[in-house]
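**Student:**
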Amino acid sequence: MKKQHLEDLLKQMTIDEKIGQLSQLATPFFKGSTESGKITGPLEQLNISDDLVKNTGSVLGASGAKEIRNIQEQHLKDHRLSIPLLFMSDIIHGYETIFPVPLGIGSSWDIELAEKSAEIAAKESAVSGIHVTFAPMVDLVRDPRWGRVMESTGEDSYLNSEFAKAQVRGFQGEDLTKDLHRLAACVKHFAAYGAAEAGRDYNTVNMSERQLREIYLPAFQAALDAGSKLVMTSFNTVDGIPATGNKKLMRDILRDEWGFDGVTITDWGALKELIPHGVAEDESEAAYKAIQAGVDIEMMTTCYPDHLKNLIENKEVEEELLNDAVRRILQLKNELGLFENPYRGLSEENEEKVILNEEHRKVAKELAAKSCVLLQNNNNTLPINTSQKVALIGPFAENNDILGPWSWKGNKDIAVTLTKGIEKRLNNKNQFIVAKGSEIESITKEQLQNAISAAEQSDIIVLALGEHSDMSGEAGSRSNIKLPDAQLQLVDEIYQLGKPTVAVLFNGRPLDLHGVFDKTDAVLEAWFPGTEGGTAITEILYGDVNPSGKLSMSFPYSVGQVPVYYNHYNTGRPQGASDAQVRYVSQFLDIPNEPLFPFGYGLSYTTFSYQNMRLSAPGITPDDTLQVKITVKNTGKIAGDETVQLYVRDMVGEVVRPLKELKGFKKIHLKPQEEMDVTFELTEKQLRYYHSDLNYDSDNGKFEVYVGPNSKEVHTLSFTLTK
Ligand code: GLC
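Put into structure tokens, the structure is as follows:
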């Protein structure tokens, strides 16, 4: 439809029809829905009239070509102007082919594969009738108590930005109008949701604007630069004002400064939550604040439908604000081609062919393997040799709860468990015994006995441990980030046997691994690995695939350290600065300052040496490019992938600068004994940051540059910037 036709359509709309476009309701409210749809938040007692449903602009949580066709068909008949519905759902890390949780994808550092996974997720959901995905979630995370860290790619704004762009490209493709196998992306949750105090979900966020811009906003900007069509507000406050009614955030920064002209949508029920937050007295005031702030669609409450008309008639809200919002929503529908083809990519026939097809499962397996992080491998306990008899013990041995908490269309019954994966791999079934050992949160004597007897008959023990999926995800905050006691007891009992033991972990957050890493020889972090998890992990355990994942979020030494992240400041009294000074420095008396496993960390079955770091010049001006080179060699006996990381520190800033900031990384593949020169380029632009006056600029002076296999073990050189 041409722009002019959209304007004509807008002119024909009554005020109720316009407000209807700003309303989003869950699937069960719609005629033609066959199943209940996904409920992902509290259900309010909503007074939804038939008229509102008729005028509503979008549907939340529907899926399946048949159901969506029915709802759309009915709606086109019921709507006076036959304006098609938009179908939006949470397609987070796969539709039915489930990829690892985003924190796992983050650990792959594989931007291309992440893009591919989003493309596949889009394809499977587009044939099922969905138009918009509530993804990517780009919230930067530093606190593993927060259950939603599993939805993020991690703690670094540069890495998150790379993944944000990749996911948007993967979901949206080049041209949404033409490519019916793509979805519009909705970047979320704007903004700083990941910084909730104490990691308690929905809790207060308080930070300076400088930190907001420097740490929390870049991944949003990146997603918008890549063309994300929508933005979702977050539940939290930002500087005392809930994001959903935050004019500075939603209008001044997002629209005026960044020029975003797409659709904004609240999170589930977040508009009405302005009342319990205490910034709106009632629903009318909540509607007033949200529309002023530039919030277009209200998800799952009815403050707009119930109050916006009055506010406009009383001249408290200008009708043009409503018109603007409707324009943007109609424009999105138009870009998706819905006026010409309201059914878009949906096809029951294609659902059969596309969903969970071999190619998709192959990518899921590859990404699951690349997401696994080998945290420890003493005495080369891994890989397992097929001549070794394996006892697979633990609550995740046969558990199919490996898709993660945000995989609503994923079918656990077809997920490959670790037991199935190993069974498939081994010709000789006598080489493999399975025992549950414990439940996730409880253990019986009998379970323990069986586990010990299985372990005694084996040469090597694989413990499959973890958190069930409800222990992370939305509203899944925990103050204790260790494995449940039952599993720690299991580990301890097995440890007493003194046999080679490997722990494989299934979980959605960095854990405090005391009681696990110190009582096992090898530890493989597998996250919630998705549909092909068992196959991917088996390939790693048996050495068919050499692990290459690197943590994109630090694993704390203990919860008392949290938040702990690599790009922190030095403080005025850094630990270890002087030998004489032991007490009055910034430290804990009982635990180290360093996390147990730092950002960027992950082992391989081979070893890499880093040598001969060099710079192309001792200094640069804004017109130059500095080349940072290092020679990386595979010093082991098998081929492997390495992620070479580049960090920078501005030694003297106008405001305090982090000890390290990731500025680049390269994934390389090296055969045994092969070496390669890895080159990074740095320019003045990459050295800029927000000064105290929020000016984004760089400083003259000295910088240190680091290259290494993780954020801790680095080679260092320095250079100067002269402007
Ligand atoms: C939720 C989430 C959000 C999701 C939305 C719709 O409560 O916070 O991430 O997209 O509801 O399901």
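When the letters of the sequence shown are read in order and numbered with our numbering, they come out as residues 4 to 726. Just so it is clear, CB atoms sit at the ideal spot from N, CA and C, and this is done for glycine as well. Remember, predicted model here, so these are calculated numbers, not experimental data.
Which word fits Asn570, buried or exposed, when buried means at least 16 other C-beta atoms lie within 10 angstroms of its C-beta?
**Tutor:** Residue mapping note: residue 570 aligns to position 567 of the sequence shown, counting from 1. Buried, since its Cβ has 16 or more Cβ neighbours within 10 Å.
**Student:** Short check: CB of Tyr414 to CB of Glu99, under 9 Å?
**Tutor:** Within the sequence shown, numbered from 1, the residue matching residue 414 stands at position 411. Within the sequence shown, numbered from 1, the residue matching residue 99 stands at position 96. A quick correction: the sequence has Asn, not Tyr, at residue 414. Yes, Cβ-Cβ distance for Asn414 and Glu99 is below 9 Å.
**Student:** I'd like the span of the alpha helix (DSSP H) that includes Ala225, first residue to last.
**Tutor:** For the purposes of this step, residue 225 is taken as the residue at position 222 of the sequence shown. First-last of the alpha helix (DSSP H) with Ala225: 221-228.
**Student:** Taking a contact to mean a Cβ-Cβ separation below 9 Å, would you say Ala187 touches Ala121 in this structure?
**Tutor:** The count along the sequence shown starts at 1 and reaches residue 187 at position 184. The count along the sequence shown starts at 1 and reaches residue 121 at position 118. In this structure, Ala121 does not lie closer than 9 Å to Ala187 by Cβ.
**Student:** Does any heavy atom of the ligand GLC sit closer than 8 Å to the C-beta of His192?
**Tutor:** Counting from 1 along the sequence shown, the entry for residue 192 is found at position 189. Yes, the beta carbon of His192 sits closer than 8 Å to at least one heavy atom of the ligand GLC.
**Student:** Excluding the five sequence neighbours on either side, which residues of its own chain have a C-beta within less than 8 Å of the C-beta of Leu162, listed in chain order?
**Tutor:** Against the sequence shown, residue 162 aligns to sequence position 159. Excluding positions up to five away in sequence, the list reads Gly109, Trp112, Thr156, Ser555, Leu665, Phe668.
**Student:** Label Ala580 either buried or exposed according to how many other C-beta atoms from any shown protein chain fall within 10 Å of its C-beta, with 16 as the threshold for buried.
**Tutor:** Counted from its first residue, the sequence shown places residue 580 at position 577. Its Cβ having fewer than 16 others within 10 Å, Ala580 is exposed.
**Student:** Taking the alpha-carbon of Glu301 as reference, which of Leu314, Thr236, Ala117, Thr389 has the nearest alpha-carbon?
**Tutor:** For the purposes of this step, residue 301 is taken as the residue at position 298 of the sequence shown. When only C-alpha atoms are compared, the closest one is Thr236.
**Student:** Ignoring anything shorter than 4 residues or poking outside the region 84-138, list the alpha helix (DSSP H) runs there in chain order.
**Tutor:** 105-111, 114-130
**Student:** Indicate the three-state DSSP secondary structure (helix, strand or coil) for Gly476 in the structure shown.
**Tutor:** The sequence position of residue 476 within the sequence shown is 473, counting from 1. Looking at Gly476 - three-state DSSP - the assignment turns out to be coil, as it is neither helix nor strand.
**Student:** Which of helix, strand or coil does DSSP assign to Val234?
**Tutor:** Position 231 of the sequence shown holds residue 234. Note: Val234 maps to strand in three-state DSSP.
**Student:** Are the Cβ atoms of Leu370 and Leu377 separated by less than 9 Å?
**Tutor:** Start at 1 with the first residue of the sequence shown, and residue 370 comes out as number 367. Start at 1 with the first residue of the sequence shown, and residue 377 comes out as number 374. It is not a contact, given that the beta carbons lie outside the stated cut-off.
**Student:** So, is Arg151 buried or exposed, given that buried needs 16 or more other C-beta atoms within 10 angstroms?
**Tutor:** On the sequence shown, position 148 is the one that residue 151 refers to. So Arg151 ends up on the buried side.
**Student:** List the endpoints of the continuous alpha helix (DSSP H) containing Asp54.
**Tutor:** Position 51 of the sequence shown, counted from the first residue, corresponds to residue 54. Note, Asp54: alpha helix (DSSP H), 53-58.
**Student:** In the DSSP assignment, find the beta strand (DSSP E) that holds Asn453 and state where it starts and stops.
**Tutor:** For this step, residue 453 is matched to residue 450 along the sequence shown. No beta strand (DSSP E) holds Asn453; the alpha helix (DSSP H) holding it covers 448-459.
**Student:** Express the C-alpha separation of Leu227 and Phe263 in angstroms, rounding to a whole number.
**Tutor:** Residue mapping note: residue 263 aligns to position 260 of the sequence shown, counting from 1. Residue mapping note: residue 227 aligns to position 224 of the sequence shown, counting from 1. Spanning the two alpha carbons is a distance of roughly 7 Å.
**Student:** Alpha carbon to alpha carbon, how far is Val141 from Phe223?
**Tutor:** Here residue 141 refers to the residue found at position 138 when the sequence shown is read from its first residue. Here residue 223 refers to the residue found at position 220 when the sequence shown is read from its first residue. Using only the alpha carbons, I get a separation of about 7 Å.
**Student:** Looking only at its own chain, which residues have a Cβ that is under 6 Å from the Cβ of Pro398, when we skip the five neighbours before and after it?
**Tutor:** Numbered from its first residue, the sequence shown carries residue 398 at position 395. When the five nearest sequence neighbours on each side are left out, the beta carbons in the same chain lying within less than 6 Å of the beta carbon of Pro398 are those of Ser441, Glu442, Ile443, in order along the chain.
**Student:** Locate the beta strand (DSSP E) running through Leu63, then write down its first and last residues.
**Tutor:** On the sequence shown, residue 63 is found 60 positions in, with the first residue counted as 1. From DSSP, the beta strand (DSSP E) with Leu63 extends over 61-63.
**Student:** Would the region 681-692 and the region 701-713 be scored as touching if the rule is three or more Cβ pairs under 8 Å?
**Tutor:** Contact between the region 681-692 and the region 701-713 is present, because at least three Cβ pairs lie under 8 Å.
**Student:** Specify, as a first and last residue, the run of the beta strand (DSSP E) that Gln379 falls within.
**Tutor:** Looking up residue 379 in the sequence shown gives position 376. Gln379 -> beta strand (DSSP E) spans 376-380.
**Student:** Rounded C-beta distance between Leu252 and Ala194? I'm assuming under 8 Å.
**Tutor:** Start at 1 with the first residue of the sequence shown, and residue 252 comes out as number 249. Start at 1 with the first residue of the sequence shown, and residue 194 comes out as number 191. That pair is a contact at about 6 Å.
**Student:** Restricting to Cα atoms, I'd like to know which of Ile387, Lys356, Gln689 is closest to Pro625.
**Tutor:** Looking up residue 625 in the sequence shown gives position 622. It is Gln689.
**Student:** Is the beta carbon of Glu301 within less than 8 Å of some heavy atom of the ligand GLC?
**Tutor:** Here residue 301 corresponds to residue number 298 of the sequence shown, with the count starting at 1. False, no ligand heavy atom lies under 8 Å from that Cβ.
**Student:** Are the region 581-598 and the region 132-149 touching, with three or more C-beta to C-beta distances below 8 Å?
**Tutor:** no
**Student:** Once the 5 residues before and after Ser287 are set aside, which same chain residues still bring their CB inside 6 Å of it?
**Tutor:** Start at 1 with the first residue of the sequence shown, and residue 287 comes out as number 284. Counting only Cβ-Cβ distances below 6 Å, and skipping sequence neighbours, we find His310.
**Student:** What would DSSP say about Tyr650, mapped onto helix, strand or coil?
**Tutor:** Taking the first residue of the sequence shown as position 1, residue 650 is located at position 647. Of the three classes helix, strand and coil, the one that applies to Tyr650 here is strand, per DSSP.
**Student:** Which complete alpha helix (DSSP H) runs does the region 382-445 hold, if anything under 4 residues is left out?
**Tutor:** 421-428
**Student:** When you measure from the CB of Trp271 to every non-hydrogen atom of the ligand GLC, does any distance come out below 8 Å?
**Tutor:** The residue labelled residue 271 in the question sits at position 268 within the sequence shown. Yes, the beta carbon of Trp271 sits closer than 8 Å to at least one heavy atom of the ligand GLC.
**Student:** Considering Ile18, what are the terminal residues of the alpha helix (DSSP H) in which it resides?
**Tutor:** Start at 1 with the first residue of the sequence shown, and residue 18 comes out as number 15. That run of the alpha helix (DSSP H) goes 18-24.
**Student:** In whole angstroms, give me the CA-to-CA distance for Asn596 and Asp702.
**Tutor:** As a working note, residue 596 is residue 593 in the sequence shown. As a working note, residue 702 is residue 699 in the sequence shown. Rounded to the nearest angstrom, the two C-alpha atoms are 29 Å apart.
**Student:** Cβ of Glu477 versus every heavy atom of the ligand GLC: is any distance shorter than 8 Å?
**Tutor:** Within the sequence shown, the letter at position 474 stands for residue 477. Glu477: yes, Cβ under 8 Å from the ligand GLC.
**Student:** Taking the Cβ atom as the reference point for each residue, do Asp204 and Gly407 lie within a distance shorter than 9 Å?
**Tutor:** In the sequence shown, the residue the question calls residue 204 occupies position 201. In the sequence shown, the residue the question calls residue 407 occupies position 404. The answer is no: Cβ separation not under 9 Å.
**Student:** Kindly indicate which residue of Pro103, Ile405, Gln391, Glu677 has the alpha-carbon position closest to the one of Tyr613.
**Tutor:** Translated into the one-based positions of the sequence shown, residue 613 becomes position 610. Closest option to Tyr613, Cα to Cα, is Glu677.
**Student:** Rounded to the nearest angstrom, what separates Gln24 and Asp327 at their Cα positions?
**Tutor:** Within the sequence shown, numbered from 1, the residue matching residue 24 stands at position 21. Within the sequence shown, numbered from 1, the residue matching residue 327 stands at position 324. Taking the straight line joining both Cα atoms gives about 12 Å.
**Student:** Are the region 422-437 and the region 387-395 in contact at 8 Å, needing three or more beta carbon pairs?
**Tutor:** yes
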